[in-house]
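Only one structure is covered here, and it is reproduced in the block below.
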Amino acid sequence: MRSTTSDEINRKVCAGDAAYVIYTSGSTGKPKGVLGTHRGALNRAHWMWRAYPFEPGEVLCQKTSFNFIDAVWEIFGPLLHGVPNVICRMRW
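Just so we're aligned, residue 86 is where the sequence shown starts under this note's numbering, counting upward by one.
Okay, structure coming up:
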């Protein structure tokens with residue numbers, strides 16, 4: 086962080102820019118990193134907010150492993166709406 090310039094911190098983000106990377110299982114060979122865009126993440130978030138709106142006082146449970154696409158929604162969907170998010174420990 087100390088070597089980061091203010092120009093780097095204030096960089097504008099475009100809809101087509103990479104927002105996250107999720108790795109495939111590698112079932113067809115070597116695992117590959119798949120880039121998800123800001124556009125795609127926000128498209129999913131807007132759809133989820135309309136289909137399943139948060140109610141006052143709700144808390145979301147982060148239960149999906151971070152290597153699955155649904156985890157992107159579970160992390161950012163509630164946080165972008167000011168809804169608390171609890172990361173649950175898996176007990177199998």
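Idealized CB from N, CA, C, for every residue including glycine.
In whole angstroms, what is the alpha-carbon distance linking residue i and residue j?
| i | j | result |
| --- | --- | --- |
| Val-168 | His-131 | 15 angstroms |
| Gly-101 | Ser-88 | 27 angstroms |
| Val-98 | Asn-152 | 23 angstroms |
| Ser-150 | Ser-91 | 34 angstroms |
| Pro-141 | Thr-113 | 44 angstroms |
| Arg-124 | Met-175 | 30 angstroms |
| Arg-96 | Ile-154 | 26 angstroms |
| Ile-94 | Leu-145 | 29 angstroms |
Residues in its own chain within less than 7 angstroms of residue i by CB, not counting five upstream and five downstream?
| i | result |
| --- | --- |
| Pro-116 | Tyr-108, Thr-109, Ser-110 |
| Trp-158 | Arg-129, Ala-130, Met-133 |
| Phe-139 | Pro-163, His-166, Val-168 |
| Glu-143 | Val-168 |
For residue i, I'd like the list of residues in its chain whose CB is within less than 6 angstroms of its CB, leaving aside the five on either flank, ordered along the chain.
| i | result |
| --- | --- |
| Gly-121 | Ala-104, Tyr-105 |
| Gly-118 | Val-106, Tyr-108 |
Excluding the five sequence neighbours on either side, which residues of its own chain have a C-beta within less than 8 angstroms of the C-beta of residue i, listed in chain order?
| i | result |
| --- | --- |
| Leu-164 | Asn-170 |
| Gln-147 | Ala-156, Glu-159, Ile-160, Asn-170, Val-171, Ile-172, Cys-173 |
My understanding is that residue i touches residue j, with C-beta atoms under 8 angstroms, so please give their C-beta distance in whole angstroms.
| i | j | result |
| --- | --- | --- |
| Phe-161 | Ala-126 | 7 angstroms |
Just list the residues that DSSP pairs residue i with in beta bridges.
| i | result |
| --- | --- |
| Leu-145 | Asn-170 |
Inset, instruction - May I have a chain-ordered list of the beta strand (DSSP E) segments no shorter than 3 residues that lie completely inside the stretch 87–136? - result: Runs of the beta strand (DSSP E) inside the stretch 87–136: 103–108, 118–122.
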